[in-house]
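Each residue of the sequence shown is one higher than the last, beginning at 77 in our numbering.
Heads up, the beta-carbon is just placed ideally off N, CA and C, and yes, glycines get one too.
None of these values were measured; they are calculated from a predicted model.
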Amino acid sequence: MKFSELAEIFQTIEQESSRTKITVLLADALRQATSQEASAIAYFSLGELQPVYLGTQFNFAEKSMLKVLAHLTGQSQQDLKAQAHSLSDLGAAVAQHNWRNAATRADDAEPLFRQRGIESIGTASQNDNALTVHQVDMQLKKFLSITGTGSQDIKEKFLEEFLRELDPISAKYIVRIILGKLRLGFSDMTLLDAFSWMEMGDKSIRSTLEDAYNISADIGLIIKTLKEDGLEGIKKMNITTGIPIRPAAAERLASPDAIVKKLGDCVAQPKLDGFRLQVHINKTAAHPKIHFFSRNLQEMSEMFPELRHAVLDLDVQELVAEGEAIAFDAQTGGFLPFQETVKRKRKHQVELFAQDYPLKLYLFDILYLNGKSLLDKGHEERRAALIHVLDTEKIKKHEVIYPIQEVKIKDADTLEHYFEENISLGLEGLVVKRTDAVYQPGKRNFNWIKLKRTEQSGGIQDTLDCVILGYYLGRGKRASFGIGAFLVGIYNEATDTFQTVAKIGTGLTDQEWRNQKKQCDQIKIEKRPANVGCAQELYPDVWVSPEIVCLVRADEITRSPLHTAGALDKESGFALRFPRIMGYRPDKSALQATTVKELEHLYKLQFKK
């Protein structure tokens with residue numbers, strides 16, 4: 077499949093607002109592709125070259141891209157920059173030009189490539205637009221691999237040679253992928269729909285595909301398996317160490333009494349305010365492999381050397397377990413707040429911050445052990461396996477890894493007492509679990525229920541995780557900030573869209589407003605994304621890609637004729653009354669924000685309270 081064909085499909089998708097039409101367009105592209113190409117297309121469509129949990133960091137600045145494109149097109153950097161400003165980005169700007177004879181190649185490019193052992197694309201064919209999806213994938217991976225002294229100059233020359241072999245529309249999307257600004261307006265959930273459409277012509281196997289993706293969160297591997305082995309191959313997919321499992325999530329109820337009525341006999345575990353980590357261990361090869369994945373499935377393996385050192389002493393061959401890593405004060409032993417723990421999320425000065433903010437890892441579940449999945453085992457059986465794994469002298473000696481405390485609950489009074497005990501220790505609250513519950517990856521249900529601090533005033537008992545969708549220009553004092561309020565939404569799982577729930581203008585200091593604008597401007601986009609539902613009356617002055625998750629507190633949830641969260645044909649959407657921002661959740665992806673289903677449940681709880 078030619079990449080130019082894929083670029084035309086991306087161009088059509090970019091102009092399309094219908095979720096079904098986007099799904100069908102993707103399905104058509106995947107149907108034409110080989111299994112290898114389909115895998116690359118799945119990654120490309122999310123702006124990646126590899127699984128999202130590994131990420132794709134090109135480390136190529138917009139300033140360097142401007143230099144490359146100016147030489148490629150024969151335009152001045154100033155003119156290109158002005159075009160990019162009016163058209164929304166450099167990708168859109170470069171699509172306006174044709175460079176086949178616009179500028180000369182750099183004479184020193186080939187010798188530089190040969191010194192580094194890099195093979196340039198050369199002339200792909202006598203015909204225009206000849207590069208295939210596979211060739212483009214290989215070239216981008218070569219570009220990604222260029223590092224070391226003098227790499228910036230080599231990257232610039234390599235990219236220019238590469239772009240020369242592409243038509244303007246294809247170049248548009250390559251530029252956006254490299255700069256991290258593709259944003260076609262859909263997520264991996266829409267891709268799963270497209271996989272089903274490709275295979276069946278409808279969504280009939282979507283749930284089966286999602287089950288496989290939940291235990292093996294590599295979207296490229298899912299489509300490759302489907303293309304090569306069909307639905308039977310998908311059904312046989314199992315846990316693989318090194319590929320994260322999409323985490324299970326907890327529901328909410330208003331009180332200990334409501335929880336005990338819902339679950340009957342259950343167990344309660346402290347809810348720690350740290351990093352949720354998924355630990356993968358594989359000692360079956362000569363060199364052990366250790367992986368730590370965050371809540372949003374990002375690879376964090378190099379960030380926690382003390383945890384890595386400790387888990388190596390676990391007496392297992394293979395293991396996947398979940399826990400909460402939390403920073404503590406080495407002097408008092410007390411836990412530090414999340415804002416302190418989050419400082420450990422870094423790629424540089426890791427050892428230094430490990431000394432300043434040491435971690436303890438409290439494991440609360442085990443999902444895979446020595447080649448066998450434990451997902452279909454009840455909580456009590458998984459808990460016994462976890463305790464057995466951790467009950468060794470080596471692990472106790474490290475004083476780093478522990479099983480989370482667990483208390484059996486038979487009545488509401490016991491749960492209330494245990495809850496108050498944990499709150500008095502400064503913890504968030506409890507997670508209460510069914511004793512016979514299997515582990516359901518990627519699902520939010522009443523197998524687990526959160527019980528957190530309540531405020532006596534107001535109807536909402538907890539903060540909400542909302543996604544910033546855009547901002548409004550400031551007035552008065554905030555005119556100098558360039559931002560006066562922002563629009564937030566929540567996630568609708570049924571439609572794979574973000575729907576508005578509040579316009580927020582309070583909760584930030586002057587400097588925080590300035591910082592917020594700077595952060596938003598890095599991901600601003602020209603128009604409303606296809607996966608954002610918003611009434612025209614609420615359109616912000618600047619749209620941003622739905623990526624930033626913030627903590628929002630509000631007095632209550634109300635019905636609104638304007639906001640789209642949960643709106644139906646004959647029913648208004650939900651809105652937040654007196655919303656204010658309380659902080660951010662960099663450990664969460666936008667798809668892990670509060671859902672419409674959750675908000676509807678919280679809305680009903682207000683009346684029960």
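query: In chain order, each alpha helix (DSSP H) run of at least 4 residues that lies wholly inside the stretch 427-478; result: 455-466 and 469-474
query: Distance, A146 Cα to S201 Cα; result: Since pLDDT at S201 reaches only 44, below the 50 mark, its modelled position is unreliable, and no value is offered.
query: Cβ separation of D287 and K279, assumed to be a contact under 8 Å, to the nearest whole Å; result: Actually they do not touch by this definition, with Cβ atoms about 14 Å apart.
query: Beta-carbon proximity of G565 to F574, cut-off 8 Å; result: yes
query: Pair within 8 Å by beta-carbon distance, V426 and E378; result: yes
query: Residues near N203 by beta carbon distance below 7 Å, same chain, minus five either side; result: Legend: pLDDT at N203 = 47, less than 50; position of this residue unreliable, value from coordinates given subsequently. Cβ within range, chain order: n/a, list empty.
query: For V128 and L373, believed in contact at Cβ under 8 Å, the rounded distance; result: 7 Å
query: Own chain partners of M658 with C-beta closer than 7 Å, once the 5 adjacent residues on each side are dropped; result: T539, G583, L627, V628 and R629
query: D389 in three-state terms, based on DSSP; result: coil
query: Spatial distance of K673 from D572 (CA atoms); result: 13 Å
query: Same chain, Cβ closer than 8 Å to L307, five either side skipped, listed in chain order; result: E275, I281 and T284
query: Contact under 8 Å by Cβ, V396 with T317; result: yes
query: Cβ pair V608, K664 closer than 8 Å; result: no
query: Distance between beta carbons of I525 and A326, contact taken as under 8 Å; result: 6 Å
query: Residue interval of the alpha helix (DSSP H) (run including F574); result: Premise fails: F574 lies in the beta strand (DSSP E), T573 to I580, not in any alpha helix (DSSP H).
query: Segments assigned beta strand (DSSP E), at least 3 residues, entirely inside the stretch 628-667; result: 632-636, 649-653 and 656-660
query: 8 Å CB neighbourhood of Y660 in its chain, flanking five on each side removed; result: I624, V625, C626 and L627
query: Length of the line joining the Cα atoms of R259 and Q598; result: 13 Å
query: Under 8 Å between C-beta atoms of I222 and F234; result: yes
query: Host alpha helix (DSSP H) of P332 (start-end); result: P332 to L339
query: Residues of its chain near I471, where Cβ-Cβ distance is below 8 Å and the 5 sequence neighbours each way are ignored; result: A386, D389, L390 and I477
query: Among L506, G261, D333 and R328, nearest to D487 - alpha-carbon criterion; result: D333
query: Classification of N498 by the beta-carbon crowding that lies within 10 angstroms, buried from 16 upward; result: buried
query: Coarse secondary structure for D512, derived from DSSP in three states; result: coil
query: Per-residue DSSP class, three states only, for G296; result: helix
query: First and last residue of the uninterrupted beta strand (DSSP E) at P346; result: C342 to K347
query: R352, DSSP secondary structure in three states; result: strand
query: Chain-order list of residues whose beta-carbon lies under 7 Å from that of A430 (same chain, five-residue window excluded); result: P381 and E382
query: Beta-carbon proximity of Q151 to H173, cut-off 8 Å; result: yes
query: The beta strand (DSSP E) enclosing R520, as first and last residue numbers; result: R520 to K528
query: First through last residue of the alpha helix (DSSP H) which encompasses C709; result: Here the chain has residues from 77 to 685 only, and residue 709 is not among them.
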